[in-house]
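Numbering (my numbering), first residue to last: 326 to 561.
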DNA sequence: TGGGGCGCAGCGCG
DNA sequence: GCGCGCTGCGCCCC
């Protein structure tokens with residue numbers, strides 16, 4: 326499935342005019358992001374007006390976790406996460422990290438629509454979406470790897486962004502603490518309003534990713550990361 | 001013009 | 001997947 330995509334290079338300036346609904350495979354404009362063990366693809370998925378509309382719906386309809394459910398256990402301490410989070414997905418699934426377990430809320434129309442677009446352009450199915458809302462440039466996410474034990478083996482993760490553009494970094498796991506010339510340098514991206522980033526196997530095995538603070542960013546960003554979570558225990 | 005101060009950002013650590 | 005502290009750098013102002 327990793328070879329599903331038809332990749333075409335084009336002038337990004339013509340993108341909004343050429344794409345009617347953002348899901349035409351033949352119109353796809355993918356930017357390939359490659360390094361040692363890093364395999365990602367990036368594109369604009371929604372035009373500005375489409376993305377504006379989706380962001381409004383997300384801001385209106387998404388209900389984020391509050392109180393203890395929004396805390397995280399890291400290095401022996403509980404912290405409030407520096408952003409808002411919630412998960413939606415198929416009934417019976419769950420996803421855990423750093424002491425926080427996400428039981429998904431049922432799908433709502435706006436998330437179903439975005440999921441269908443993502444599935445159409447990637448050729449992969451997703452049963453779960455983790456939503457992070459960064460109210461401004463002070464909200465952030467530290468660098469981490471996603472726990473692939475809870476994901477379908479070798480399945481990609483699709484990250485869709487709405488609102489303020491933010492920098493995003495991949496850093497090779499071996500590059501912390503014991504940097505040597507052989508360790509790959511960090512890979513920086515800018516995730517734009519209406520964009521899709523597909524993180525493919527084996528990226529998550531050797532690279533951490535994070536969203537650093539950016540003081541100059543004043544607007545909110547809502548990010549949807551679609552995953553295929555293992556559901557072997559699902560059922561009545 | 002340049003030096004110092006300040007704020008932001010990168011990175012290591014627990 | 002956090003927060004803190006150290007450090008370096010770039011920008012701004014006098």
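Backbone N, C-alpha and C fix where the C-beta goes; we use that ideal spot for every residue, glycine too.
In the DSSP assignment, find the unbroken beta strand (DSSP E) run with residue i in it and report its ends.
{"i": "residue 412", "result": "409-414"}
{"i": "residue 469", "result": "466-469"}
{"i": "residue 395", "result": "Run containing residue 395: none; DSSP gives neither H nor E here."}
{"i": "residue 484", "result": "482-488"}
{"i": "residue 458", "result": "453-459"}
{"i": "residue 515", "result": "512-516"}
Mind checking who residue i pairs with in its DSSP beta bridge?
{"i": "residue 365", "result": "358, 524"}
{"i": "residue 418", "result": "None; residue 418 has no bridge partner."}
{"i": "residue 554", "result": "476"}
{"i": "residue 542", "result": "DSSP, once it has assigned bridges, lists no residue as partnering residue 542."}
{"i": "residue 402", "result": "399"}
{"i": "residue 535", "result": "494"}
{"i": "residue 426", "result": "421"}
On the premise that residue j lies in contact with residue i, defined as a C-beta separation below 8 Å, what is that separation, rounded to the nearest angstrom?
{"i": "residue 440", "j": "residue 409", "result": "Rounded, the Cβ-Cβ distance is 20 Å, inconsistent with contact."}
{"i": "residue 476", "j": "residue 533", "result": "With a Cβ gap of about 16 Å, residue 476 and residue 533 do not count as contacting."}
{"i": "residue 415", "j": "residue 452", "result": "4 Å"}
{"i": "residue 383", "j": "residue 435", "result": "6 Å"}
{"i": "residue 371", "j": "residue 358", "result": "Actually they do not touch by this definition, with Cβ atoms about 20 Å apart."}
Please determine, among the options, the residue with the shortest C-alpha to C-alpha distance to residue i.
{"i": "residue 393", "options": "399, 386, 403", "result": "403"}
{"i": "residue 550", "options": "423, 482, 526, 488", "result": "482"}
{"i": "residue 424", "options": "417, 432, 401", "result": "401"}
{"i": "residue 472", "options": "362, 547, 531", "result": "531"}
{"i": "residue 381", "options": "547, 524, 362", "result": "547"}
{"i": "residue 373", "options": "488, 525, 545", "result": "488"}
{"i": "residue 430", "options": "422, 545, 417, 442", "result": "417"}
{"i": "residue 543", "options": "432, 464, 398", "result": "464"}
{"i": "residue 553", "options": "442, 366, 420, 433", "result": "420"}
{"i": "residue 273", "options": "397, 387, 407", "result": "The structure shown does not extend to residue 273, since the chain spans only 326 to 561, so no value can be given for it."}
{"i": "residue 484", "options": "391, 442, 407", "result": "442"}
{"i": "residue 391", "options": "437, 407, 385", "result": "407"}
{"i": "residue 413", "options": "363, 437, 398", "result": "437"}
In terms of residue numbering, what span does the alpha helix (DSSP H) encompassing residue i cover?
{"i": "residue 446", "result": "434-447"}
{"i": "residue 378", "result": "373-386"}
Return the chain-ordered list of same chain residues with a C-beta closer than 7 Å to the C-beta of residue i, the five sequence neighbours on each side being excluded.
{"i": "residue 516", "result": "486, 490, 491, 493, 522"}
{"i": "residue 539", "result": "462, 491, 492"}
{"i": "residue 444", "result": "450, 451"}
{"i": "residue 460", "result": "545"}
{"i": "residue 365", "result": "358, 522, 523, 524, 525, 528"}
{"i": "residue 541", "result": "462"}
{"i": "residue 376", "result": "487, 518, 519"}
{"i": "residue 363", "result": "495, 512, 528, 532"}
Only counting the same chain, and skipping five residues up and downstream in sequence, which positions put a Cβ closer than 6 Å to that of residue i?
{"i": "residue 512", "result": "360, 495"}
{"i": "residue 466", "result": "535, 536"}
{"i": "residue 529", "result": "470, 471, 473"}
{"i": "residue 428", "result": "419"}
{"i": "residue 510", "result": "none"}
Ignore the nearest five residues each way along the sequence and tell me which others in residue i's own chain have a CB closer than 8 Å to its CB.
{"i": "residue 368", "result": "353, 354, 355, 356, 446, 520, 521"}
{"i": "residue 389", "result": "395, 409, 410, 411, 456, 458"}
{"i": "residue 426", "result": "419, 420"}
{"i": "residue 480", "result": "449, 526, 552, 553"}
{"i": "residue 468", "result": "494, 496, 533, 534, 535"}
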